[in-house]
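One structure is given below, encoded as structure tokens.
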Amino acid sequence: MPGRWGVLNVDGSQMGCYVSAPADSGRFAGLLVAQHAPGVDSFLQTMCDRLAAEGFVALAPDLYHRDPGKADPPLERMARLRDANVVRDFTTAYEHLRTLPNVDVARLGITGFCMGGRVAYLMATHLRGLRAAVVFYGGNIMVPWGEGEAPFDRTTQIECPTLGLFGEEDTNPSPADVAKIDAELTRLGKPHEFHMYPNAGHAFMNWEQPPRYRQHAAEGAWPKCVAWFKRHLA
Numbered sequence: 004m005p006g007r008w009g010v011l012n013v014d015g016s017q018m019g020c021y022v023s024a025p026a027d028s029g030r031f032a033g034l035l036v037a038q039h040a041p042g043v044d045s046f047l048q049t050m051c052d053r054l055a056a057e058g059f060v061a062l063a064p065d066l067y068h069r070d071p072g073k074a075d076p077p078l079e080r081m082a083r084l085r086d087a088n089v090v091r092d093f094t095t096a097y098e099h100l101r102t103l104p105n106v107d108v109a110r111l112g113i114t115g116f117c118m119g120g121r122v123a124y125l126m127a128t129h130l131r132g133l134r135a136a137v138v139f140y141g142g143n144i145m146v147p148w149g150e151g152e153a154p155f156d157r158t159t160q161i162e163c164p165t166l167g168l169f170g171e172e173d174t175n176p177s178p179a180d181v182a183k184i185d186a187e188l189t190r191l192g193k194p195h196e197f198h199m200y201p202n203a204g205h206a207f208m209n210w211e212q213p214p215r216y217r218q219h220a221a222e223g224a225w226p227k228c229v230a231w232f233k234r235h236l237a
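As structure tokens, then:
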């Protein structure tokens, strides 16, 4: 079924949230979905709808709700985000997800695409109730946005199994970045699984960006994402 928009109050600002849920009645695993640089656009809404079709309640908050520059290029808007605000926004979204009557609060996870992959990694270090995370080609994991630690520096705080899906031709994260993150998770004994797709770069899932979209990688990664959540949120 198609999703719906709602609004949450964060620090006096109205944060839009797109929510998509299975058509059936019952209680389902809940997923936070972190946006890519263009925002909670048609691509991200479709990904939420696809997750709902797989039996999850998916909620995607609009991280640009504080930003007045709606007409600015996505990368400029992304550059103005700060981790402290992202953490507050996603903590608010997480608490709201837990109140939805069709969500089983014992089965919660997070995923995200591009900058959203970074956000998913970051929030996996902050939200104690998550049971699974899926990172789609999250860049800048080694870099803080504003003051404080980078997500990578908080890796020791991750408590949920983490799946990473990356392109071999990506430059952010590069294969060297992915190897470093993989090694750190391994060193800390954090359950994880990483997959690299040849002939694919950044945003290989996004059919709305034809120069970047790679069908073979998208069709390989999506079932792994769904299976990861069904395995760990069973």
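In our numbering, the protein residues as written are 4 to 237.
We put the beta carbon where it would ideally sit given N, CA and C, even for glycine.
As the structure is a prediction and not an experimental result, all values here were calculated from the model.
Subject >> C163 beta carbon less than 9 Å from that of H235 >> reply: As a working note, residue 235 is residue 232 in the sequence shown. As a working note, residue 163 is residue 160 in the sequence shown. Yes, Cβ-Cβ distance for H235 and C163 is below 9 Å.
Original post:
Could you give the C-beta distance for A221 and F232, rounded to a whole number, given that I count them as a contact under 8 Å?
Top reply: As a first step, residue 221 is located in the sequence shown; it is residue number 218 there, counting from the start. As a first step, residue 232 is located in the sequence shown; it is residue number 229 there, counting from the start. Wrong, their Cβ atoms sit about 17 Å apart, outside the cutoff.
**OP:** Quick one: which unbroken alpha helix (DSSP H) runs of 4-plus residues sit fully inside the stretch 104 to 141? Chain order, please.
**Re:** 118 to 127
**OP:** Would you mind sorting A26 into buried or exposed? The rule is 16 or more other CB atoms within 10 Å of its CB.
**Re:** If you number the sequence shown from 1, residue 26 lands on position 23. Label assigned to A26: exposed.
**OP:** Just mark N143 as buried or exposed, buried being the case when its beta carbon has 16 or more other beta carbons within 10 Å.
**Re:** Taking the sequence shown and counting its residues from 1, the one referred to as residue 143 is at position 140. The residue is buried, with at least 16 neighbouring Cβ atoms inside 10 Å.
**OP:** Please classify S177: does DSSP put it in a helix, a strand, or coil?
**Re:** As a first step, residue 177 is located in the sequence shown; it is residue number 174 there, counting from the start. Coil.
Original post:
Exposed or buried, Q218, counting other C-beta atoms within 10 Å across all chains shown (16 or more means buried)?
Top reply: By 1-based counting over the sequence shown, the position of residue 218 is 215. With fewer than 16 Cβ atoms within 10 Å of its Cβ, Q218 is classed as exposed.
**OP:** Return yes when the Cβ of V122 is within less than 9 Å of the Cβ of L66, no when it is not.
**Re:** Locating residue 66 in the sequence shown gives position 63, counting from the first residue. Locating residue 122 in the sequence shown gives position 119, counting from the first residue. Yes, the pair counts as a contact, with Cβ atoms nearer than the cut-off.
Subject >> Straight-line gap, G151 to G115 (C-alpha atoms, nearest Å) >> reply: Locating residue 151 in the sequence shown gives position 148, counting from the first residue. Locating residue 115 in the sequence shown gives position 112, counting from the first residue. Distance between the alpha carbons of G151 and G115 is about 21 Å.
Subject >> C20: first and last residue of the uninterrupted beta strand (DSSP E) it sits in >> reply: Mapped onto the sequence shown, residue 20 falls at position 17. Start and end: 16 to 23.
**OP:** Determine which residues share a DSSP beta bridge with R7 and list them.
**Re:** Your numbering for residue 7 matches position 4 in the sequence shown. Beta-bridge pairing links R7 to V22.
Subject >> Nearest-angstrom Cα separation, counted from V138 out to P41 >> reply: Start at 1 with the first residue of the sequence shown, and residue 41 comes out as number 38. Start at 1 with the first residue of the sequence shown, and residue 138 comes out as number 135. Approximately 17 Å, taken between the alpha carbons.
Subject >> Ranges of the alpha helix (DSSP H) found wholly within the stretch 189 to 215, counting only runs of at least 4 >> reply: none
**OP:** Run through the stretch 34 to 105 for me and flag every whole beta strand (DSSP E) of 3 or more residues, listed as ranges in chain order.
**Re:** 59 to 64
Subject >> Straight-line Cα distance separating W8 from D92 >> reply: Mapped onto the sequence shown, residue 92 falls at position 89. Mapped onto the sequence shown, residue 8 falls at position 5. The alpha-carbon atoms of D92 and W8 are separated by roughly 16 Å.
**OP:** Report yes if the C-beta distance between Y124 and G170 is below 9 Å; otherwise report no.
**Re:** Residue 124 sits at position 121 when you count from the first residue of the sequence shown. Residue 170 sits at position 167 when you count from the first residue of the sequence shown. Contact flag unset, no.
Original post:
If you drop the 5 nearest sequence neighbours on each side, which residues of the same chain put their C-beta closer than 7 Å to that of R215?
Top reply: Taking the sequence shown and counting its residues from 1, one reaches residue 215 at position 212. Answer for R215: G204, H205, A206, F207, N209, listed in chain order.
Original post:
chain C beta carbons: is any one of them nearer than 9 Å to that of N88?
Top reply: Going by chain labels, chain C is absent from the structure shown, which holds only one protein chain.
**OP:** Could you please give the first and the last residue of the uninterrupted alpha helix (DSSP H) stretch that includes G223?
**Re:** Here residue 223 refers to the residue found at position 220 of the sequence shown. Taken as a continuous stretch (DSSP letters only), the alpha helix (DSSP H) holding G223 covers 218 to 235.
**OP:** Quick one: measure Cβ to Cβ for G6 and C51, integer angstroms, because I've assumed they're closer than 8 Å.
**Re:** Taking the sequence shown and counting its residues from 1, one reaches residue 6 at position 3. Taking the sequence shown and counting its residues from 1, one reaches residue 51 at position 48. Indeed, because the Cβ distance is near 6 Å, the residues count as touching under 8 Å.
**OP:** Determine the closest residue to G120 out of L84, V43, L168, L130, with distance taken between C-alpha atoms.
**Re:** Here residue 120 refers to the residue found at position 117 of the sequence shown. Of L84, V43, L168, L130, the residue nearest in Cα terms is L168.
Original post:
The beta strand (DSSP E) with F169 in it runs from where to where?
Top reply: Locating residue 169 in the sequence shown gives position 166, where the first residue counts as 1. Counting along the chain, the beta strand (DSSP E) containing F169 begins and ends at 165 to 170.
Subject >> At least 3 beta-carbon pairs within less than 8 Å: the stretch 97 to 111 vs the stretch 176 to 185 >> reply: no
Original post:
Hey, out of L35, S28, M118, W225, whose CA is closest to A82's CA?
Top reply: Stepping through the sequence shown from its first residue, residue 82 is reached at position 79. Of the candidates L35, S28, M118, W225, the one whose C-alpha sits nearest the C-alpha of A82 is M118.
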